[in-house]
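Asker: One structure, as C-alpha cells, below. Some questions next.
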Amino acid sequence: MRHRLAFAVLALQACAGAAWAMTPAQISAGFQEGAIAYCLQAALRGVAVGDLPAEARQGIAPADETMRGMVEASNPKGPLWDVASAKGIVVVSEPKPGVCKVMAYGAPVERTFKGVLNAARKTLPAFKPVPIQPGYDPIVYRLERNEPAPAIALELRGAEPGAPGRLFRFSMLTARITYTPGEAGGQ
Numbered sequence: 013m014r015h016r017l018a019f020a021v022l023a024l025q026a027c028a029g030a031a032w033a034m035t036p037a038q039i040s041a042g043f044q045e046g047a048i049a050y051c052l053q054a055a056l057r058g059v060a061v062g063d064l065p066a067e068a069r070q071g072i073a074p075a076d077e078t079m080r081g082m083v084e085a086s087n088p089k090g091p092l093w094d095v096a097s098a099k100g101i102v103v104v105s106e107p108k109p110g111v112c113k114v115m116a117y118g119a120p121v122e123r124t125f126k127g128v129l130n131a132a133r134k135t136l137p138a139f140k141p142v143p144i145q146p147g148y149d150p151i152v153y154r155l156e157r158n159e160p161a162p163a164i165a166l167e168l169r170g171a172e173p174g175a176p177g178r179l180f181r182f183s184m185l186t187a188r189i190t191y192t193p194g195e196a197g198g199q
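So for the sequence shown, the working numbering puts the first residue at 13; every next one is plus one.
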C-alpha cells in the first residue's frame, strides 16, 4: 500500500510540472475534448475509445504508465489515453467495458463543466439533467439519455482548490460516461 501511495505522489508531482506549462483554458479544452470527442463518441458507437475509427482518435494516444497513479483506484489495469492538447494533465481511462472516465486537474471546475454540459447537449440533444447530491465532490452534474437506445449517462464531479476536505492544491475534475457496450445508437 505504501508503495502505491508513494508512486501516486511521484506521478502527481511529475505531472504537476506540466500544469505550469498550460493555461487553465487549455486544460479545460482538453478535458472537454476527452469527455465529448472521445468518451461520448465511443458511447454513441457502443465501443471502447481504442475501437473508434483512426480519424476519430486523432489527438489521443496511449498514456505513459506513470499516469496510472492518477487513476489507479478506478483503473488498475484498463487502457489509459493521454489527450494531446493537455498531455500529462488530462487522462482518459476505461476501467471496464461501458465506462469511460476523464480525469484532470488545474482547470476551473464550474466553467469547464458548463462547457462540457453545453457540448454534450449539442452532441446529444436528448440528454436530460438528473438531480444528483454533492458529496466528497461539491460540484456535480448528471445528464442521462434513455431513449433512443442505447442509454448513456454523463456524470461530472469536481472540486476547486481549497474545497473542504481537500489537500491537493489544484482543482480536480472527473467525467464518467457510462453506456451499454456493443449497442450503437444515433443522436
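Each residue gets a CB set at the ideal place from its N, CA and C atoms; glycine is no exception.
Given a threshold of 16 other Cβ atoms within 10 Å of its Cβ, counted over all protein chains shown, does Phe180 qualify as buried or as exposed?
Answerer: exposed
Asker: In the DSSP output, which residue or residues are listed as bridge partners for Cys51?
Answerer: Answer is none; Cys51 lacks a bridge partner.
Asker: Please specify which runs of the beta strand (DSSP E), each continuous and at least 3 residues long, are wholly inside the stretch 56-89, giving them in chain order.
Answerer: 72-74
Asker: Quick one, which of Leu129, Thr78 and Val152 has its alpha-carbon nearest Lys140's?
Answerer: Leu129
Asker: Please go through the stretch 109-186 and give each complete alpha helix (DSSP H) segment of 4 or more residues, from N-terminal end onward.
Answerer: Secondary structure within the stretch 109-186: the alpha helix (DSSP H) runs of 4 or more consecutive residues, fully enclosed, are 121-135 (chain order).
Asker: Span of the alpha helix (DSSP H) holding Gly46?
Answerer: Looking at the DSSP string, Gly46 is not in any alpha helix (DSSP H), and its letter there is neither H nor E.
Asker: Tell me which residue opens and which closes the beta strand (DSSP E) that Val3 is part of.
Answerer: Look at the range of the chain in this structure, 13 to 199, and you will see that residue 3 is not part of it.
Asker: When DSSP labels each residue in this structure, what does Pro36 get in the three-state scheme?
Answerer: Collapsing the DSSP output to three states places Pro36 in a helix.
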